Structure formats: C-alpha cells, structure tokens
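*Asks:* If you read the sequence shown in this note's numbering, its first letter stands for residue 1, the second for the next number, and so on. Can you read through this structure? Questions will come right after.
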Amino acid sequence: MHSPFPSRFFRPVSQILAFASLILLSGCDLNFWKMQGHQTTMIANGPVAASQLSLFWVTVWVTLVIFIIVGAVLAYATIKFKARSDADEHAEPPPQGHGNPMVEIALIAASVFALVIISIPTLKGIWYTHDVPEAQKADAYNITATGYQWWFKFDYPEKIDGGAGLVTGNELVIPVGRPIRIQLRTVDVIHSFWVPKLAGKVDMIPNRGNFLWLQADAPGYFWGQCAEYCGDSHAVMRFRVVALAPMEFAAWVAAQKAPARNVAAAAGAAPGPRPQLATFKQNEYGYSEKWADGSPINPLQNWVDQQKPAATEDAALIAEGKALFGTKLCLACHTIRGHGAPGIAGPDLTHVGSRTTVAGGLLENTPAQLARWIAHPELVKPGNKMYASGYVPMNIKVADAEAVALAAYLTSLK
Ligand code: CUA
C-alpha cells in the first residue's frame with residue numbers, strides 16, 4: 001500500500017478519529033455517556049428489568065475477560081515478533097507449525113466453560129421473565145395493550161357499571177409491587193411493547209397472542225416506546241407507564257371509571273380572549289425537564305398535578321370546544337363517556353385532560369401542544385390516521401381558533 005504515512009503512525013490516528021466521531025454522533029449528550037436517559041436499560045426499576053440487567057453484566061464480564069486475554073496475547077505476539085530491521089522485513093517466514101493439541105484442547109475447554117457461565121443465568125432469566133412466577137400468579141394484575149399506528153390502547157379488567165371495561169390510551173397506570181401481566185395485541189402491523197426500565201421488549205404480532213409481565217418496585221414515571229418498525233411514525237410511537245401505590249391506584253381507577261367531567265357554562269356567556277395558536281418547529285416535540293425558574297420537574301408529581309382541573313378555566317370556550325367536537329366529527333373516532341361520543345378508531349378521550357402526554361406519548365399535554373396537534377396533525381406525526389383517515393377523506397378543516405377551543409375542552413376532561 002502506498003500511503004504517505006507509515007502504518008504505525010496512521011493506525012492510532014484513525015482510531016482517535018473513529019472515537020471522536022462517536023462522541024460527535026452522540027451529540028456530546030452527557031446522559032448518553034452516563035447511560036441515565038429516560039429509556040436506558042442500565043437502570044432497573046423492577047424485578048424483570050433487574051434480571052435482564054444482571055444477565056447483561058454477566059455477559060459483559062465474561063466477554064471482557066476474553067477480550068483482555070486475547071488482546072494481551074495478541075499485543076505480546078505483535079510486539080515480540082515484529083520486524084526490527086529491513087533485513088527482518090524481507091526475511092523468509094519462519095517454519096510454520098500446525099498448532100499445539102494441548103493448547104487447542106485447553107481453548108475449547110475454556111470456551112465451553114465461558115458458555116456454561118453465561119448459559120446458566122440466561123436460562124434462569126428466560127424462565128423468570130417469560131411469565132409471572134407461580135407463587136405470584138394469584139396476585140397478578142391483567143391488562144391488555146393494543147398497538148395501533150401510532151399509539152397504544154390499554155384495556156383494564158375493571159368494569160364500568162358491570163358493563164364495558166375501562167379503556168385508556170398512551171399512559172399505562174399500574175399498581176406498585178404487583179406483577180402486571182400484559183396481553184399484547186395489535187390491530188394493524190407488528191409493533192413492539194417496551195418499557196426499558198421495567199422489562200425487555202416483546203412484539204405485538206397480528207393474529208398471535210403474545211404477552212409479557214413486569215413489575216415496578218416503587219412509584220414512578222417511566223418512558224415506553226414501540227421498538228419494532230411499524231411505518232412513518234414508528235420512531236415517535238411512545239407511551240408512559242405511571243406506577244402508583246395501591247391506594248393511589250385505586251383512587252385513579254375510581255376517577256377513570258367516572259364519566260367525563262362537565263364544565264357548566266352560563267347561558268349566553270361569550271368566551272374571553274383566547275390564546276393564539278402557538279408556533280412550533282416541525283420536529284419540536286420536547287418534554288420539559290425543568291420549570292421556567294430552572295428547578296427540575298418531578299415527572300410523577302407533574303402527573304399527579306395533571307389530575308386536577310386548571311385553576312382558571314374559560315367555561316364558554318370549553319362549551320364551544322365541546323360543540324366543535326361534534327360538528328367536526330371528532331366523535332366518530334373518539335369515545336368521551338357521558339358526552340355522547342362513541343368512536344373507537346382513536347384513543348378514548350374520556351379523561352384525556354388527566355394525562356401528561358398526547359399524540360401517542362409524543363407531545364406534552366399542554367393546551368398549546370394539544371391545539372397544535374389538533375390544528376396540524378400532519379406536521380406533528382407524519383401519516384397519522386387522524387389526518388390521513390379523518391381530516392382528508394371527511395374534508396375536515398380546523399381553524400386555529402377552533403383548535404384552541406377544542407384544546408380547552410379536552411384539557412377540561414380530567
Ligand atoms: Cu409501532 Cu413501531
């Protein structure tokens with residue numbers, strides 16, 4: 001090879017460049033290096049994730065030992081036998097052997113030993129994570145999660161007035177300390193259900209009844225993600241898991257079973273000055289980590305706060321939004337129990353105002369983000385059904401001012 005640099009100079013340089021580009025690709029994100037992000041698998045907040053994480057570390061340590069031994073032998077041989085002069089470089093290679101049987105047998109034995117070390121915890125982990133352990137089966141809480149392009153529906157075992165079951169979307173609320181057994185379904189293509197801090201991913205496959213189980217050790221707010229490519233907006237198909245202490249969980253179930261909240265408007269009242277539709281950049285989704293004063297947001301506390309109605313509400317604007325929900329045919333696809341909206345193609349919105357996210361866990365559930373999503377869904381989530389199967393074929397036009405009213409209405413649904 002005719003290189004202007006001798007290889008002993010060039011190789012380290014190329015290695016430094018490769019490492020530098022890795023840093024640049026990570027965006028210098030400190031969380032990337034600390035591996036502490038919302039969707040890290042390095043933090044286990046439940047027994048299933050803990051089992052998987054410990055298996056990961058066993059594998060890392062075994063392979064690290066192999067790497068160090070092989071690397072050391074390679075470095076030793078490279079340095080000891082390298083050409084030290086021009087004569088060395090042009091010399092005939094030394095006589096070639098055909099291996100040493102004792103060394104080969106020892107290497108095979110060592111490989112088998114390494115595989116055994118890895119396979120015992122692997123098999124134990126597969127058995128443990130596959131299904132709720134027999135001793136805990138009676139205590140398991142059963143939920144069905146269904147993947148849609150591009151959001152998740154959650155069916156609860158609780159019946160409303162002995163009839164239909166409780167249904168929510170995009171935020172899975174679970175009781176702490178109980179095994180949660182989740183049936184995994186899909187209505188369209190293959191999705192994958194993944195809450196990295198609680199359990200590994202399992203696919204949602206058409207015509208196949210998959211399931212997984214997970215458990216949260218303590219109350220918390222966890223990020224979930226579809227982990228199987230499922231179309232245009234796969235990358236932004238997200239959800240949240242909120243783990244609550246048993247009492248809080250029971251209170252949440254009771255609140256969710258109630259019909260949607262009604263904000264009464266005085267007869268003939270006119271809406272006050274309505275906020276302008278905020279402008280966002282196309283790929284600006286965001287999830288606030290800090291309040292305006294710079295103090296960090298506790299996402300679980302934020303979720304708790306979201307359950308309460310806003311301190312100030314414009315009842316007339318909410319009434320206008322409620323009427324628009326009918327005239328704009330939103331009710332054809334969305335259920336709002338108690339408000340005469342029966343649709344089932346999209347997420348159940350009966351208590352949408354109590355969720356911290358909208359648009360499939362993508363946007364923060366603020367009136368501004370909600371209005372943006374309603375006014376321009378195609379700019380938020382490419383290919384989404386609200387736009388492609390709703391707005392376009394039904395020729396639905398939502399003016400900015402109407403989106404603001406609809407957002408006020410939906411926000412009021414605690
Ligand atoms: Cu659903 Cu990717």
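Idealized CB from N, CA, C, for every residue including glycine. Because the structure is a prediction, the values reported are computed rather than measured.
(1) Below 8 Å on the Cβ atoms is my guess for VAL176 versus ALA218; work out the distance and round it to an integer in Å.
(2) Express the C-alpha separation of THR144 and LYS322 in angstroms, rounding to a whole number.
(3) What residues in its chain sit with their C-beta under 7 Å from that of TYR221, if we drop five residues either side in the sequence?
(4) What three-state label does DSSP hand PRO206 in the structure shown?
(5) Could you tell me which of VAL60, TYR141, GLN369 sits nearest to ALA216, measuring between CA atoms?
(6) Just checking, does the segment 400-409 make contact with the segment 372-381 on the three C-beta pairs under 8 Å criterion?
(7) What separation, rounded to the nearest whole angstrom, lies between the Cα atoms of MET386 and TRP151?
(8) Residue range of the beta strand (DSSP E) that LEU184 falls in?
(9) Considering only DSSP beta bridges, list what TYR141 is partnered with.
(10) Cβ of TRP223 within 7 Å of any heavy atom in the ligand CUA?
(11) Should GLY147 be listed as close to the ligand NAD, given that the test is whether its C-beta is under 7 Å from any heavy atom?
(12) Alpha carbons only, please: which of PRO47, ALA235, PRO382 is nearest the one belonging to VAL132?
(13) Within the present structure, is the beta-carbon of TRP194 separated from the nearest heavy atom of the ligand CUA by less than 7 Å?
(14) Should TYR285 be listed as close to the ligand CUA, given that the test is whether its C-beta is under 7 Å from any heavy atom?
(15) Cβ of GLY338 within 8 Å of Cβ of ALA260?
(16) Could you check where the beta strand (DSSP E) with TRP151 kicks off and where it finishes?
(17) How far does the beta strand (DSSP E) with GLN225 in it extend, from its first residue to its last?
(18) So what's SER295 in DSSP terms, helix, strand or just coil?
(19) From SER51 to GLY360, what does the alpha carbon distance come to, in whole angstroms?
(20) May I ask you to verify whether the segment 225-234 touches the segment 187-202, counting CB pairs closer than 8 Å and requiring at least 3?
(21) Given the structure, does GLU92 come close to the ligand CUA, in the sense that its CB is under 7 Å from one of the ligand's heavy atoms?
(22) Run through DSSP, which three-state label would LYS385 get?
(23) Give me, in chain order, the residues of the same chain whose beta-carbon lies closer than 6 Å to that of ASP139; leave out the 5 immediate sequence neighbours on both sides.
(24) Report the three-state DSSP secondary structure of LEU172 (helix, strand or coil).
(25) What does ALA341 pair with, by DSSP beta-bridge criteria?
*Replies:* On the basis of the supplied data:
(1) 6 Å
(2) 30 Å
(3) ARG240, VAL242, PRO299, LEU300, TRP303
(4) coil
(5) TYR141
(6) yes
(7) 12 Å
(8) 180-186
(9) ILE180
(10) no
(11) Summarising the ligand content, the structure contains the ligand CUA and does not contain the ligand NAD.
(12) PRO47
(13) no
(14) no
(15) yes
(16) 151-159
(17) 220-226
(18) coil
(19) 29 Å
(20) yes
(21) no
(22) helix
(23) ARG178
(24) strand
(25) ILE336
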